[in-house]
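J.: So the sequence lines, in the order shown, correspond to chains A and B. 1 is the number of the first residue of the first sequence in this note's numbering; add one for each residue after it. 1 is the number of the first residue of the second sequence in this note's numbering; add one for each residue after it.
Number of protein chains: 2
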Amino acid sequence: MRLTRAGEYAIRCVLYLAMHHDRELIGRKEIAAAMDMPAQFLGKVAQQLAKAGIISIRQGSQGGYELAKRPQDIALLAVIEAIDGEIFLNDCIHRPHSCDRQTICSVHQIWDKARRQLRNTLGGVTLAELAAREKRACAGRSREQPHALQG
Amino acid sequence: MRLTRAGEYAIRCVLYLAMHHDRELIGRKEIAAAMDMPAQFLGKVAQQLAKAGIISIRQGSQGGYELAKRPQDIALLAVIEAIDGEIFLNDCIHRPHSCDRQTICSVHQIWDKARRQLRNTLGGVTLAELAAREKRACAGRSREQPHALQG
DNA sequence: TCTAATAGGATCATTTCAGTCCGATTAATC
DNA sequence: GATTAATCGGACTGAAATGATCCTATTAGA
Ligand code: SF4
Ligand code: SF4
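#1: Hey, Y16(A) and V45(A): beta-carbon distance below 8 Å or not?
#2: Quick one, are the C-beta atoms of L127(A) and P71(A) less than 8 Å apart?
#3: Closer than 9 Å, Cβ to any Cβ of chain B: which residues of the segment 76-91 of chain A, in chain order?
#4: Closer than 9 Å, Cβ to any Cβ of chain A: which residues of the segment 1-32 of chain B, in chain order?
#5: At a Cβ cut of 7 Å, what residues of the segment 129-140 of chain A count as close to chain B, listed as they run along the chain?
#6: According to DSSP, L67(B) sits in a beta bridge with which residue or residues?
#7: Suppose the cutoff is 7 Å on Cβ atoms and the five residues either side in sequence are ignored; what does the same chain contact list for Q145(A) look like?
#8: Is it the case that the Cβ atoms of A68(B) and S56(B) are separated by a distance below 8 Å?
#9: Pairing CB atoms from the segment 84-96 of chain A with CB atoms from the segment 107-116 of chain A, are three or more of them under 8 Å?
#10: With 8 Å as the threshold, decide whether the Cβ of A114(A) is near any Cβ in chain B.
#11: With M35(B) as the anchor, note down where its alpha helix (DSSP H) starts and where it stops.
#12: Given that Q117(B) touches chain A, what residues does it touch there, using C-beta distances under 8 Å?
#13: When burial is assigned at 16 or more other CB atoms within 10 Å of the CB, is C138(B) buried or exposed?
#14: Under the DSSP definition of a beta bridge, which residues are partnered with A75(A)?
#15: Between S106(B) and chain A, is the shortest Cβ-Cβ distance under 8 Å, so that the two count as touching?
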């Protein structure tokens with residue numbers, strides 16, 4: 001019942017890209033250093049993101065990553081599911097064959113409802129919103145600095 | 001992002017107990033057979049449920065399990081969390097130390113919201129409701145049988 | 001051509017999961 | 001009291017997922 005590390009890194013990566021959407025291409029190492037993750041691991045994650053059509057990658061010297069769509073067109077859910085697969089709180093939702101009793105199971109419906117709710121929440125947030133909020137938070141923090149360095 | 005097998009078994013176990021709440025004590029093997037799970041494994045799960053105060057266990061000959069509270073006082077969430085631990089979609093929610101950027105992280109808040117929503121949904125359903133719905137579904141199905149054996 | 005970058009397959013250590021085994025313990029019954 | 005039927009609970013195991021890292025190939029700018 002938790003997000004994998006790879007999923008978390010994927011989010012950090014695209015969030016960084018969204019926050020620097022004005023720049024064309026951003027190198028893997030820069031992203032990894034800024035968002036605090038292993039650069040090699042990010043490479044793996046990025047490949048999956050590219051396959052899912054969320055980012056595009058340029059190889060070779062001066063290569064790097066960039067968003068394949070506009071930040072306001074990428075939902076958080078899409079990023080997560082590109083890495084960790086579609087969200088299914090309980091297996092029986094995904095694989096009907098995994099349990100015989102689902103035709104009468106009252107719990108099954110709860111899982112279905114919970115899953116819809118969760119995917120809805122994550123699907124309703126775009127990278128554009130997240131990046132904007134993040135920038136605001138950072139700005140707020142630097143403005144605060146003279147008053148309260150301890151934060 | 002999924003329920004463990006142990007959690008699923010725990011739910012099945014307490015659901016069975018709730019559906020037979022009129023009987024005093026029910027043997028482990030009977031529950032395991034009826035709800036289709038390994039009896040040994042159920043033993044492990046039951047111990048945790050007992051520690052969490054959800055069921056009580058009687059040892060010795062003619063021993064077995066029973067609900068420690070009324071079905072309407074046991075939420076689905078409690079059963080799940082007794083086995084799999086408190087639900088945290090993302091580690092940073094649980095362990096603040098696991099990520100430095102959470103003070104400014106816009107994604108953090110989304111996880112927090114999603115988690116609250118999920119726990120709310122699962123916390124709002126009691127065993128009494130589930131058992132009642134399950135019984136109704138079974139009754140409905142047996143009434144249907146003469147008409148459509150294929151289901 | 002040289003060099004700086006990613007691609008992508010192989011590999012590996014650790015942890016989690018799912019489950020089993022088995023001796024110890026408990027309590028009803030003979 | 002002995003037998004028997006049940007759970008307790010710790011040790012153990014195999015399989016899979018997770019979280020990486022390593023290394024060679026490929027790509028493309030200078
Ligand atoms: S018992 Fe119900 S909730 Fe559990 S796996 Fe089967 S259908 Fe799903
Ligand atoms: S970056 Fe944000 S969401 Fe991710 S672990 Fe850190 S605080 Fe949590």
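Idealized CB from N, CA, C, for every residue including glycine. On a predicted model such as this, the values are computed, not experimentally measured, just so you know.
T.: Put simply:
#1: For this step, residue 16(A) is matched to residue 16 along the first sequence. For this step, residue 45(A) is matched to residue 45 along the first sequence. No; because the gap between Cβ atoms is not below 8 Å, this pair is not in contact.
#2: Within the first sequence, numbered from 1, the residue matching residue 127(A) stands at position 127. Within the first sequence, numbered from 1, the residue matching residue 71(A) stands at position 71. The answer is yes: Cβ separation under 8 Å.
#3: L76, I80, D84, G85, I87, F88, L89, N90 and D91
#4: M1, R2, L3, T4, R5, G7, E8, I11, R12 and L15
#5: L130, R133, E134, A137 and C138
#6: As a position in the second sequence, residue 67(B) is number 67, starting the count at 1. BP columns for L67(B) point to I55(B).
#7: For the purposes of this step, residue 145(A) is taken as the residue at position 145 of the first sequence. Because the pLDDT at Q145(A) is just 49, under 50, the model does not fix this residue reliably, and the value given afterwards should be weighed accordingly. Correct list: empty, nothing qualifies.
#8: Taking the first residue of the second sequence as 1, we reach residue 68(B) at position 68. Taking the first residue of the second sequence as 1, we reach residue 56(B) at position 56. Yes, the Cβ-Cβ distance between A68(B) and S56(B) is below 8 Å.
#9: yes
#10: Counting from one through the first sequence, the residue named residue 114(A) turns up at place 114. At least one chain B Cβ lies under 8 Å of A114(A).
#11: Reading the second sequence from its first residue, position 35 is the one you call residue 35(B). Run containing M35(B): R28 to M35, per the alpha helix (DSSP H) assignment.
#12: As a working note, residue 117(B) is residue 117 in the second sequence. Under the 8 Å cutoff, chain A gives Q117, L118 and T121.
#13: Here residue 138(B) refers to the residue found at position 138 of the second sequence. Burial call: exposed.
#14: Working through the first sequence from its first residue, we reach residue 75(A) at position 75. Note: A75(A) sits in a beta bridge opposite T126(A).
#15: Counting from one through the second sequence, the residue named residue 106(B) turns up at place 106. By this cut-off, S106(B) is an interface position.
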